[in-house]
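Visitor:
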Amino acid sequence: MLLCLPLWITACAVERPAAQAPLSAPTHWQAPLPHHGQVADLARWWERQGDPLLVELIAAAQDASPDLAQARARLAQARAVQVAARASLLPAVDGQASASRGFNQQLGGLATTAQGALQAGWEIDL
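Sequence positions in the sequence shown follow the working numbering and run 864 to 989.
#1: Output the distance between the C-alpha atoms of Ala960 and Thr975, rounded to the nearest integer angstrom.
#2: Can you give me the start and stop residues for the beta strand (DSSP E) that Ala884 sits inside?
#3: Which partner residues does Asp957 have in the DSSP bridge list?
#4: Would you kindly report the start and end of the unbroken alpha helix (DSSP H) that includes Gln925?
#5: Give me whichever residues DSSP pairs with Gly971 in a beta bridge.
#6: Which first and last residues belong to the alpha helix (DSSP H) in which Val946 is found?
#7: Roughly how many whole angstroms lie between the Cα atoms of Arg935 and His891?
#8: Might you give, ordered along the chain, the residues of its own chain that have their beta carbon closer than 6 Å to the beta carbon of Ala977, omitting 5 neighbours on each side?
Here is the structure:
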């Protein structure tokens, strides 16, 4: 334990930060652009690399990847499935109503019959 005491004491020692040298950076700097400054050349940069396998792999990836409309449709479908899955956790309410009017011989005239029903249920899943 006494042998570790110098290590414990030096572990708590604090050093001052080293003095930093002033940095001097040029006010203007410009390097030549590999695409000659044309934005259109950046769109298909991989074709200028001279690697047919790279071109083929990127073309296959772009063909297999969905566009924005397909991605939005898949997202909407996933949300609809999620809403349908959560719907079973909510209470269910069902209602029916009917009415009829006709000639009743026993009453000797027109008769109106109306019926209504309301059913509610909730299955609690523990």
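Here a beta-carbon is modelled for each residue, glycine too, at the ideal position from N, C-alpha and C.
The structure presented is a predicted model; accordingly, all values stated were derived computationally and were not measured.
Guide: Concretely, from the data shown:
#1: Using only the alpha carbons, I get a separation of about 14 Å.
#2: In the DSSP assignment, Ala884 falls outside any beta strand (DSSP E) and carries neither an H nor an E.
#3: Per DSSP, Gln982.
#4: Residues Pro915 to Ala927.
#5: Under DSSP, Gly971 shares a beta bridge with no residue.
#6: Judged by DSSP secondary structure, Val946 falls within the alpha helix (DSSP H) whose first and last residues are Leu931 to Ala950.
#7: Roughly 44 Å between the two C-alpha positions.
#8: Ala962, listed in sequence order.
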